[in-house]
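Protein chains in written order, with the working numbering: chain A, 917 to 1115; chain B, 917 to 1115.
Reading through the structure tokens given below for one structure.
2 protein chains.
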Amino acid sequence: MAVTTTLAARTGTAFQVSQGGTLRVINTYGSQVVDTWAVARQEPQHGLSMAHTRAMLGRLTVKAGDELVDDRRRPILHIAEDTSPGVHDTLIPACDPVRYQQLGRKGHHDNCSDNCHRALAESGLPDLLTPVPAPLNLFMNVPVNSDGDSVLLRALTDVVVVLPACPQDLVPVNGDLQQPRDVEVRITDAPGKQAEEPS
Amino acid sequence: MAVTTTLAARTGTAFQVSQGGTLRVINTYGSQVVDTWAVARQEPQHGLSMAHTRAMLGRLTVKAGDELVDDRRRPILHIAEDTSPGVHDTLIPACDPVRYQQLGRKGHHDNCSDNCHRALAESGLPDLLTPVPAPLNLFMNVPVNSDGDSVLLRALTDVVVVLPACPQDLVPVNGDLQQPRDVEVRITDAPGKQAEEPS
């Protein structure tokens, strides 16, 4: 069974993906950064860790074929496909209220940190991401194009993947137009489970 | 008032440093990596964040003059001096039991993650570092030399600094001899407080 949904610009959502299932993130407009978190559904105190992933890969960025690990160095996601041409950042934290204050914004600005906490709360999973860990910034530093680049992530355990479509519009993180855009997300069960629930 | 103490090889200790005070880490044998954590004493849920520090500095490594920030992008430590010639890593996580298992070690091996938790527990501060955040790896990637390179850190708020002398002896992180060594640590109060407590 496959479900396709739209992640609206400036928002964040938590997606449940069972072991072996996949989640495809389609960069519909080609310029949207998607900060990506994942926590193990059964052990939500453990989640995707960029520092441990860098150490395991011996690289600063990730690419198709890589297994991404949690803070126990245990594989949690597999990058099954990557049709994008560029770099997925592992170094930069999520945007947060302080970042927008520093950029001169008075008052509220949507931000990935708050969106992450809200999405986790709505998913019913205990929110143990305090502070929010450094995410995998899908499509960050990628040249703007409009091909609908996508990344296919495979769950190596039962996970909750939290995806915000980054609302950053004060610096050109989300393309030169500084315009947060919608992103398409497609979740597919593991092959074994497809048989149980034919689409 | 200044206090000098030795951080024994393979162990970790938490040091209290009040705002404006300094902590000098002296790489006595020139080859020892010191994973460095710091948490705000009044708000121990917030601590030094390598991801936020990289974003604020726009660099992957730190150098003298830099202000290092916590997960709220708030300055927490200042690198007041750095007599070492090299790189202080911001990218790699602390060693942990899994790391040594992966290197083929059967049974217990001292590790910085456990040493960090133990040191925080002994300091009486609530241990909110779960999982242990990526530390500032002082002297990591620095060529071996025996000059007693040192780094002087100034507390920008009241902090607890946690320092393990990394026990990694299965790969040449701590010099080509793979020999964890003692490290000297010197803590000095802020100038204003020196007047109150003359040495």
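Note that CB positions come from ideal geometry on N, CA and C, so glycine has one too.
Counting only residues of its own chain and dropping the five nearest sequence neighbours on each side, Thr977 (chain B) has a CB closer than 8 Å to the CB of Val1003, His1004, Asp1005 and Thr1006. By a beta-carbon distance limit of 8 Å, Thr922 (chain A) contacts Asp1098 (chain A). Their separation comes to about 5 Å.
When only Cα atoms are considered, Arg1070 (chain A) and Gln935 (chain A) end up about 8 Å apart. In this structure, Leu1068 (chain A) sits near Ala996 (chain A), with a CB-CB distance shorter than 7 Å. Asp982 (chain B) is not a Cβ neighbour of Asn1053 (chain B), given a cutoff of 7 Å.
The beta strand (DSSP E) runs lying completely inside the stretch 1070 to 1104 of chain B and spanning 3 residues or more are 1075 to 1080 and 1099 to 1104, given in chain order. Counting along the chain, the unbroken alpha helix (DSSP H) around Val1014 (chain A) starts and ends at Pro1013 to Gln1018. Around the Cβ of Thr920 (chain A), a 10 Å sphere holds fewer than 16 other Cβ atoms; the residue is exposed.
Ranked by Cα distance from Leu964 (chain A), the options A:Pro1042, A:Ser1039, A:Arg988 and A:Val949 are led by A:Arg988. Contact annotation: Pro1083 (chain B) and Ala971 (chain A) have beta-carbon atoms that are not nearer than 7 Å. Counting C-beta atoms within 10 angstroms of its own C-beta, Leu1093 (chain A) has fewer than 16 neighbours from the protein chains shown and is therefore classed as exposed.
By the Cβ neighbour-count rule, Arg1015 (chain B) is buried, with 16 or more other Cβ atoms within 10 Å of its own. With 16 or more other CB atoms across the displayed protein chains lying within 10 angstroms of its CB, Pro1096 (chain B) is buried. In this structure, Val1076 (chain B) lies near Arg957 (chain B), with their beta-carbon atoms less than 7 Å apart. If you draw a straight line from the Cα of Val933 (chain A) to the Cα of Pro1001 (chain A), it is about 26 Å long. With a contact defined as Cβ atoms closer than 8 Å, Gly928 (chain B) and Ala1037 (chain B) miss out at about 11 Å. Taking a 10 Å sphere around the C-beta of Met966 (chain A), we find 16 or more other C-beta atoms and assign the residue as buried. Here His1025 (chain B) is buried: its Cβ has 16 or more other Cβ atoms, across all protein chains shown, within 10 Å.
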